[in-house]
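Have a look at the structure below, then the notes.
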Amino acid sequence: MRGLHIFIFLATLLDLALAQVDLSHVLIKIPKCTQLCSLKVLGPARCPLTDLPNCLCMNTTLQEELATCVLGSCNFTDQVVSTTIAQNEICEGVSQPSRSTEIIRDVIIIASVTFPVVLLRFLSRSIVTHRIWWDDWMIGIAAVLMVPMVVIPILNAQRGFGKHFWDVPPQNVTLLRKLYYVSQLLYVVVQNLAKISILFLYLRIFVNPRFRLYTKIVMGWAFCHTFAFLMADAFQCVPVRAVWDTTIDAKCINLQTLIYAGAGFSIVEDFIIMLLPISELRSLKLDLRKRIVLFFMFALGSFACITSMVRLKYIISYSNSVDLTWANVDIVIWSILETFMAVICASLVCIRPLLVKYLPVIFPVTEVSESRGSDMKSPSWSRRLSLKASSKLRNENGIELLSDDDEARVGLRDNKSNMTAPLRVAQKPLPNLGSNIVPRLLKDPALGTGKLTTPTARIASEP
Numbered sequence: 108m109r110g111l112h113i114f115i116f117l118a119t120l121l122d123l124a125l126a127q128v129d130l131s132h133v134l135i136k137i138p139k140c141t142q143l144c145s146l147k148v149l150g151p152a153r154c155p156l157t158d159l160p161n162c163l164c165m166n167t168t169l170q171e172e173l174a175t176c177v178l179g180s181c182n183f184t185d186q187v188v189s190t191t192i193a194q195n196e197i198c199e200g201v202s203q204p205s206r207s208t209e210i211i212r213d214v215i216i217i218a219s220v221t222f223p224v225v226l227l228r229f230l231s232r233s234i235v236t237h238r239i240w241w242d243d244w245m246i247g248i249a250a251v252l253m254v255p256m257v258v259i260p261i262l263n264a265q266r267g268f269g270k271h272f273w274d275v276p277p278q279n280v281t282l283l284r285k286l287y288y289v290s291q292l293l294y295v296v297v298q299n300l301a302k303i304s305i306l307f308l309y310l311r312i313f314v315n316p317r318f319r320l321y322t323k324i325v326m327g328w329a330f331c332h333t334f335a336f337l338m339a340d341a342f343q344c345v346p347v348r349a350v351w352d353t354t355i356d357a358k359c360i361n362l363q364t365l366i367y368a369g370a371g372f373s374i375v376e377d378f379i380i381m382l383l384p385i386s387e388l389r390s391l392k393l394d395l396r397k398r399i400v401l402f403f404m405f406a407l408g409s410f411a412c413i414t415s416m417v418r419l420k421y422i423i424s425y426s427n428s429v430d431l432t433w434a435n436v437d438i439v440i441w442s443i444l445e446t447f448m449a450v451i452c453a454s455l456v457c458i459r460p461l462l463v464k465y466l467p468v469i470f471p472v473t474e475v476s477e478s479r480g481s482d483m484k485s486p487s488w489s490r491r492l493s494l495k496a497s498s499k500l501r502n503e504n505g506i507e508l509l510s511d512d513d514e515a516r517v518g519l520r521d522n523k524s525n526m527t528a529p530l531r532v533a534q535k536p537l538p539n540l541g542s543n544i545v546p547r548l549l550k551d552p553a554l555g556t557g558k559l560t561t562p563t564a565r566i567a568s569e570p
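Just so you know, the sequence shown maps onto residues 108 to 570 in the numbering used here.
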């Protein structure tokens with residue numbers, strides 16, 4: 108038994124001696140700049156060279172201090188050599204923390220919700236309204252660009268994004284930088300296309316001249332903002348190649364300042380777009396329940412605004428971190444969630460005609476009086492005739508909404524300009540309808556044929 112203890116003791120000494128020889132052989136290959144950083148960081152931490160796998164490779168804080176020193180002291184070639192030695196020889200076999208799986212999972216979940224919503228939007232256009240509008244084109248372009256926004260994070264995660272940057276294989280660094288650069292450009296374009304789509308939606312619904320002017324001003328700002336930030340991101344370094352190739356001399360802007368500015372503008376724009384139609388919606392004659400539902404539909408954009416704020420929180424939290432492949436995980440996930448939620452919010456309202464058509468029990472047709480403050484219970488034939496004629500003139504002031512269920516015939520509109528007086532309608536010659544005028548029999552699938560109804564303006568089944 109005593110001989111066994113002696114054997115174990117001698118074996119342990121032999122292992123330590125071999126470890127010292129192996130580590131000494133490894134440390135000789137480390138660049139001088141990294142050796143100086145090792146002395147500077149490992150000395151105060153009392154991390155002996157004979158125990159680097161335990162005291163260094165298991166300590167994230169110590170690795171970050173050493174990696175930060177190497178980044179500031181060594182050129183790119185020496186950084187690659189040092190990282191390769193650390194990963195393949197010193198810390199070989201030590202488990203590396205990784206959030207790569209989290210990125211892949213979250214991106215797939217977000218995409219699996221967003222793309223079906225976009226598909227339903229275009230099904231609604233195809234089956235119910237049979238027309239594609241400018242807001243649909245904006246979402247269509249955004250949906251195409253969203254595909255690489257899903258693919259790029261998954262590719263990055265498979266190549267080391269989500270790990271601490273000192274654990275990322277050096278041969279993948281350039282590709283990660285390129286893909287991250289492309290994702291920045293896609294984020295700017297898709298995010299603003301969703302907002303512009305909502306503004307086009309407002310122009311298609313409301314005909315109030317003042318409201319339309321305000322909407323066009325906001326839209327003009329959105330186009331200018333998109334172009335300005337897209338150019339700033341695209342040419343953040345001159346030459347552009349310096350974005351992913353740190354070995355060349357270049358002039359680069361302060362990217363962190365640009366990110367702060369973009370996030371701030373985005374949040375302000377979200378609030379403006381969300382609050383813009385409130386005055387128009389409040390003027391509609393609706394009961395409380397329908398008013399709440401309507402406000403909820405148009406306030407869906409508030410969730411995208413919340414995601415923008417959460418994203419800004421992470422940007423501020425990790426602004427000084429050098430561990431970008433780890434710290435930027437939350438920023439990337441919330442950036443994708445922000446842009447995809449904006450697309451969802453811009454599409455949900457437009458799905459309603461499809462729901463009204465196939466689920467009329469759950470989503471019934473809602474009627475809104477076309478006049479504000481006037482009694483429409485017993486309209487005269489002349490007033491109905493004026494309303495009918497004025498509705499034909501609406502294409503001069505707004506875009507007509509089409510729907511098989513007639514719910515979007517006139518849409519959600521401010522009819523003050525169309526309802527001012529029959530005099531403006533009378534200025535245009537009307538056909539001779541004869542002396543025997545009877546109330547029009549509305550053939551409405553939601554109301555049933557053969558029922559006399561007053562002319563109504565309905566909440567757009569799809570705006």
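Every residue, glycine too, gets a C-beta built ideally from N, C-alpha and C.
Burial state of residue i (16 or more Cβ within 10 Å)
| i | result |
| --- | --- |
| M338 | exposed |
| K139 | exposed |
| Q359 | According to the sequence shown, residue 359 is Cys rather than Gln. C359 comes out exposed. |
| E237 | Correcting the residue type first, residue 237 is His in the shown sequence and not Glu. By the 10 Å Cβ count, H237 comes out exposed. |
| N435 | buried |
| L320 | exposed |
| Y465 | exposed |
| V280 | buried |
| L286 | buried |
| T432 | buried |
| Q142 | exposed |
| C331 | exposed |
| A152 | exposed |
| E199 | exposed |
| K302 | buried |
| D356 | exposed |
| P260 | buried |
| F403 | exposed |
| G269 | buried |
| T322 | buried |
| S233 | exposed |
| L382 | exposed |
DSSP-derived helix/strand/coil call for residue i
| i | result |
| --- | --- |
| S428 | coil |
| V254 | helix |
| S219 | helix |
| I423 | helix |
| V345 | strand |
| C154 | coil |
| C452 | helix |
| C198 | coil |
| K358 | strand |
| S205 | strand |
| K392 | coil |
| V275 | coil |
| W241 | helix |
| P138 | coil |
| T353 | coil |
| L143 | helix |
| L466 | coil |
| L149 | helix |
N- and C-terminal bounds of the alpha helix (DSSP H) containing residue i
| i | result |
| --- | --- |
| A341 | 316–341 |
| E376 | 362–382 |
| T572 | In the structure as shown, the chain begins at 108 and stops at 570. Residue 572 is therefore absent and cannot be evaluated. |
| T281 | 280–312 |
| V188 | 183–192 |
| L159 | 159–162 |
Near the ligand GDP: residue i beta-carbon under 8 angstroms from a heavy atom
| i | result |
| --- | --- |
| L146 | With respect to the ligand GDP, the structure shown offers nothing to examine, as it has no ligands at all. |
For residue i: DSSP bridge partner residues
| i | result |
| --- | --- |
| F268 | K270 |
Under 9 angstroms between C-beta atoms of residue i and residue j
| i | j | result |
| --- | --- | --- |
| E209 | I440 | yes |
| I248 | A453 | no |
| V297 | L226 | no |
| M326 | L310 | yes |
| D274 | S189 | no |
| V201 | P155 | no |
| Y288 | W244 | no |
| T354 | N182 | yes |
| V429 | F229 | no |
| D213 | L419 | no |
| L149 | L163 | yes |
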